[in-house]
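*Asks:* Below are the structure tokens for one structure; questions will follow.
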Amino acid sequence: MQQSRALRAALAALALLSVTACGQASDPAAPRPASSATSEPTRPSEAARPLPAAEARALKRRFDALERRFEARLGVYAVDTGTGREVAHNDGERFAYASTFKALAAGAVLRKYSLSGMDRVVRYSGNDLVPRSQVTEKHVGTGMTLGALCDAAIRYGDNTAANLLFDQLGGPGGLDAALEEIGDDVTRMDRRETQLNQWSPGATQDTSTPRALADDLRAFAVGDTLGKPERAQLAKWLRGSTTGGALIKAGMPKTWVVGNRAGAGSTYGVRNDIAVVWRPDAAPIVVAIMSNSRKPDTGYDDRLIAQAASLVADTLS
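Numbering of the sequence shown is given in our numbering, commencing with residue 1 and proceeding in unit increments.
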């Protein structure tokens with residue numbers, strides 16, 4: 001996996017040298033052309049439109065103020081999938097992703113097995129149970145279908161269900177490889193639940209960036225990475241989430257429909273939410289908001305995520 005990333009980086013550098021030598025696309029700010037092979041580029045944010053400089057500076061001041069008010073580090077990436085207009089704040093910094101990965105695991109499982117494979121039964125024992133597994137603990141011995149495991153992982157944040165999804169993909173490394181296949185060479189999948197929730201500043205295990213997570217969610221839930229039936233099923237699971245009502249959803253207008261997967265770490269007040277936001281008469285917005293406290297024993301405050309989401313909504317309305 002690391003060799004794959006190194007090779008990818010080397011090829012990219014060689015390609016850049018060739019282009020520069022030929023005198024083409026020498027302006028680093030020039031937009032990259034969209035792929036003609038699919039309806040969306042492999043990494044959708046490559047085609048996004050940043051805010052005008054003055055608007056971006058004003059928005060940054062407001063995000064900075066949130067960080068000071070909540071004594072936290074904040075990362076935001078959101079994109080209007082219709083216009084490409086984007087909101088970004090520390091969008092390339094690494095944060096612990098916590099339980100947000102469960103939406104991506106379900107997307108990867110749908111891609112591997114298709115909707116017709118969701119009836120496959122996965123059996124497990126009491127030894128497989130980990131804390132916060134309120135759905136899977138009721139089905140020890142009988143097992144659950146892949147679809148039910150995806151539902152439990154996304155709707156309720158069931159940790160054992162997430163680990164069983166890992167198993168269907170070849171472990172955390174298998175999900176990492178699946179994300180690489182759709183163009184994500186940023187996210188690091190290393191551990192299982194619940195160890196992946198342990199994070200400290202500077203650690204890179206089980207981390208990603210707001211931009212990478214939003215791109216992944218967009219690819220699965222809005223783009224053409226999944227077939228239409230699989231995409232519709234993932235959207236249904238996301239909209240049925242029972243967690244995160246005080247996060248991105250709380251910052252969006254009431255008429256907008258939010259499908260999300262929240263996450264919380266066990267140290268440094270890690271708190272995240274990723275979501276697709278469906279608006280009346282407009283293309284969806286995809287949002288990833290990630291945060292952590294600057295102190296190891298400080299808890300999180302959901303209002304930070306909600307207020308950051310409100311700034312996103314105001315900007316992209």
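Even glycine gets a Cβ: it sits at the ideal position worked out from N, Cα and C. Being a predicted model, the structure only gives us computed values, none of them experimental.
Pair every Cβ in the region 199 to 213 with every Cβ in the region 248 to 260, then say whether three or more of these pairs are closer than 8 Å.
*Replies:* Output reads no: the region 248 to 260 does not touch the region 199 to 213.
*Asks:* So is Asp297 buried or exposed if we call it buried at 16+ other beta carbons inside 10 Å?
*Replies:* Asp297 comes out exposed.
*Asks:* How should Lys228 be labelled, buried or exposed, when 16 other C-beta atoms within 10 angstroms of its C-beta is the threshold for buried?
*Replies:* Exposed is the call here.
*Asks:* Could you give the distance in angstroms between the alpha-carbon of Leu175 and the alpha-carbon of Val87?
*Replies:* So the alpha carbons of these two residues sit roughly 27 Å apart.
*Asks:* Hey, is the region 70 to 78 in contact with the region 149 to 166, meaning 3+ C-beta pairs nearer than 8 Å?
*Replies:* Short answer: they don't touch.
*Asks:* Can you look up Pro172 in the DSSP assignment and give me helix, strand or coil?
*Replies:* Pro172: helix per DSSP, three-state reduction.
*Asks:* Any idea if Ser241 is buried or exposed, counting beta-carbon neighbours within 10 angstroms, 16 or more meaning buried?
*Replies:* That one is buried.
*Asks:* Output the boundary residues of the beta strand (DSSP E) element that contains Trp237.
*Replies:* That residue, Trp237, is in no beta strand (DSSP E); its alpha helix (DSSP H) goes Lys228 to Arg239.
*Asks:* With H, G and I counted as helix, E and B as strand and the rest as coil, what does DSSP make of Asp119?
*Replies:* Helix.
*Asks:* Looking at the secondary structure, which residues open and close the alpha helix (DSSP H) in which Glu137 lies?
*Replies:* From DSSP, Glu137 is part of no alpha helix (DSSP H); its letter is neither H nor E.
*Asks:* In the DSSP output, what is Trp278 paired with across the bridge?
*Replies:* In DSSP, Trp278 forms a bridge with Val257.
*Asks:* If you draw a straight line from the C-alpha of Lys138 to the C-alpha of Ala106, how long is it?
*Replies:* Using only the alpha carbons, I get a separation of about 20 Å.
*Asks:* In terms of residues, what are the limits of the alpha helix (DSSP H) holding Gly245?
*Replies:* First-last for Gly245: undefined, no H or E at that position.
*Asks:* How many Å lie between Ser293 and Ser116 at the Cα?
*Replies:* Computed Cα separation, rounded: 42 Å.
*Asks:* Residues in its own chain within less than 7 Å of Ala205 by CB, not counting five upstream and five downstream?
*Replies:* Note that residue 205 corresponds to Gln in the displayed sequence, not to Ala. For Gln205, where only same-chain residues beyond five positions count, the Cβ hits under 7 Å are Arg188, Asp190 and Arg191.
*Asks:* Please report the distance separating the alpha-carbon of Arg85 from that of Gly92.
*Replies:* Those two C-alpha atoms are separated by around 17 Å.
*Asks:* Compute the beta-carbon to beta-carbon distance between Ile154 and Trp256, rounded to the nearest angstrom, for a pair I have assumed lies under 8 Å.
*Replies:* About 19 Å; that fails the 8 Å criterion.
*Asks:* Would the beta-carbon of Ile305 fall within 8 Å of that of Leu247?
*Replies:* It is a contact, given that the beta carbons lie within the stated cut-off.
*Asks:* Identify every residue that forms a DSSP beta bridge with Leu104.
*Replies:* Its beta-bridge partners do not exist; DSSP assigns none.
*Asks:* Output yes or no for whether 8 Å exceeds the beta carbon distance between Ala78 and Val287.
*Replies:* Their beta carbons are under 8 Å apart, which means Ala78 touches Val287 by this criterion.
*Asks:* Could you tell me how far apart the beta carbons of Met118 and Gly141 are, in whole angstroms, since I believe they sit closer than 8 Å?
*Replies:* Met118 to Gly141, Cβ: 21 Å. No contact.
*Asks:* I'd like the span of the alpha helix (DSSP H) that includes Asp80, first residue to last.
*Replies:* Not the alpha helix (DSSP H): Asp80 falls in the beta strand (DSSP E), residues Ala72 to Asp80.
*Asks:* Is the beta carbon of Thr243 sitting closer than 8 Å to the one on Gly157?
*Replies:* The answer is yes: Cβ separation under 8 Å.
*Asks:* Measuring only the C-alpha atoms, how far is Val76 from Met290?
*Replies:* C-alpha separation (whole angstroms): 6 Å.
*Asks:* By how many angstroms is the C-alpha of Val109 removed from the C-alpha of Gly173?
*Replies:* The alpha-carbon atoms of Gly173 and Val109 are separated by roughly 14 Å.
*Asks:* When you compare the CB positions of Ala309 and Thr81, do they come within less than 8 Å of one another, or not?
*Replies:* The answer is no: Cβ separation not under 8 Å.
*Asks:* Might you give, ordered along the chain, the residues of its own chain that have their beta carbon closer than 7 Å to the beta carbon of Thr194, omitting 5 neighbours on each side?
*Replies:* Cβ within range, chain order: Val130, Pro131 and Asn159.
*Asks:* Using a 10 Å radius around the Cβ and a threshold of 16 neighbouring Cβ atoms, would you call Gly202 buried or exposed?
*Replies:* Classification for Gly202: exposed.
*Asks:* Might you give, ordered along the chain, the residues of its own chain that have their beta carbon closer than 7 Å to the beta carbon of Asp184, omitting 5 neighbours on each side?
*Replies:* Cβ neighbours of Asp184 beyond the five flanking positions: Ala212, Asp215 and Asp216.
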